[in-house]
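Undergrad: Sequence positions in the sequence shown follow this note's numbering and run 2 to 132.
Think of the CB as a built atom: it goes at the ideal place given N, C-alpha and C, for glycine as much as any other residue.
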Amino acid sequence: MSKRKKSINVIAYLSVANATDKNVDWKEEKQLSYISEYAKAHNLRIIKIMHKNIMGCSVVNTHFNKMVREIQNEKADGILVCNMAAISQNIEDAYQKIGKVIQAGGQIITVDEGKLNLQLKMGGKRHEANY
């Protein structure tokens, strides 16, 4: 009998750049297909999909905080995006978000960069997502 690795429950976040009202749906469908293909190949189960659409950074941060709460409440194991640019304004913001998710007990996985981790020891305890 083969041991099957437990699937990781993730929230997929769709964020399309340079979208307009006319093409946002098409771009999101294309991005969801890209993310779904990756999820299937890496034993990730998409349990929820959130959308940025054509909204600004403040909406992304609000959505991000909701996704972190889902992880804290053990409703999800992580967040799946195409790349960190989808949810971050710059490198500092990206690292803060990765740390926030790890602190909540989850992980951020990107299709372009893979599983993102901060392997830090704080107070003798290693802080990283182990799935």
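Going by CA-CA distance only, name the one from Ile-36, Gln-104 and Cys-58 that's closest to Lys-49.
TA: Working through the sequence shown from its first residue, we reach residue 49 at position 48. Looking at the Cα atoms, Ile-36 is the closest of the given residues.
Undergrad: Skipping 5 residues on each side, what residues in its chain have a beta carbon closer than 8 Å to that of Arg-46?
TA: In the sequence shown, the residue the question calls residue 46 occupies position 45. So the list reads Ser-8, Ile-9, Asn-10, Val-11 and Ala-40, once near-sequence residues are dropped.
Undergrad: Under the assumption that Tyr-14 contacts Met-51 (Cβ atoms under 8 Å), give the Cβ distance between them as a whole number of angstroms.
TA: On the sequence shown, residue 14 is found 13 positions in, with the first residue counted as 1. On the sequence shown, residue 51 is found 50 positions in, with the first residue counted as 1. Indeed they touch by this definition, with Cβ atoms about 5 Å apart.
Undergrad: Among the residues of its own chain, which have a CB less than 6 Å from the CB of Gln-73, if the five just before and after it don't count?
TA: Within the sequence shown, the letter at position 72 stands for residue 73. Closer than 6 Å at Cβ, skipping near neighbours: Ala-105.
Undergrad: Would you say Ser-16 and Lys-67 are within 9 Å of each other, going by their C-beta atoms?
TA: The residue labelled residue 16 in the question sits at position 15 within the sequence shown. The residue labelled residue 67 in the question sits at position 66 within the sequence shown. No, the Cβ-Cβ distance between Ser-16 and Lys-67 is not below 9 Å.
Undergrad: Does DSSP classify Ile-88 as helix, strand or coil?
TA: The residue labelled residue 88 in the question sits at position 87 within the sequence shown. Residue state, collapsed to three classes: coil.
Undergrad: Following the continuous beta strand (DSSP E) through Ala-52, name the residue where it begins and the one where it ends.
TA: Within the sequence shown, the letter at position 51 stands for residue 52. It is His, not Ala, that sits at residue 52 in the sequence shown. Where His-52 is concerned, the enclosing beta strand (DSSP E) stretches over 45-52.
Undergrad: Where does Cys-58 land, buried or exposed, given buried means 16+ other C-beta within 10 angstroms?
TA: Taking the first residue of the sequence shown as 1, we reach residue 58 at position 57. Counting Cβ neighbours within 10 Å, Cys-58 comes out exposed, since fewer than 16 surround it.
Undergrad: Around the Cβ of Gly-115, are there at least 16 other Cβ atoms within 10 angstroms (buried) or fewer (exposed)?
TA: Counting from 1 along the sequence shown, the entry for residue 115 is found at position 114. Answer is exposed; the Cβ neighbour count stays below 16.
Undergrad: What are the residues that DSSP puts in a beta bridge with Gly-106?
TA: Taking the sequence shown and counting its residues from 1, the one referred to as residue 106 is at position 105. According to DSSP, Gly-106 bridges with nothing at all.
Undergrad: Val-82 bridges to which residues according to DSSP?
TA: Residue numbering aside, residue 82 sits at position 81 when the sequence shown is read from its first letter. Paired residues: Thr-111.
Undergrad: Return the residue from the list Val-25, Glu-38 and Glu-71 that minimises the CA-CA distance to Asp-113.
TA: Numbered from its first residue, the sequence shown carries residue 113 at position 112. Nearest option by C-alpha distance: Glu-38.
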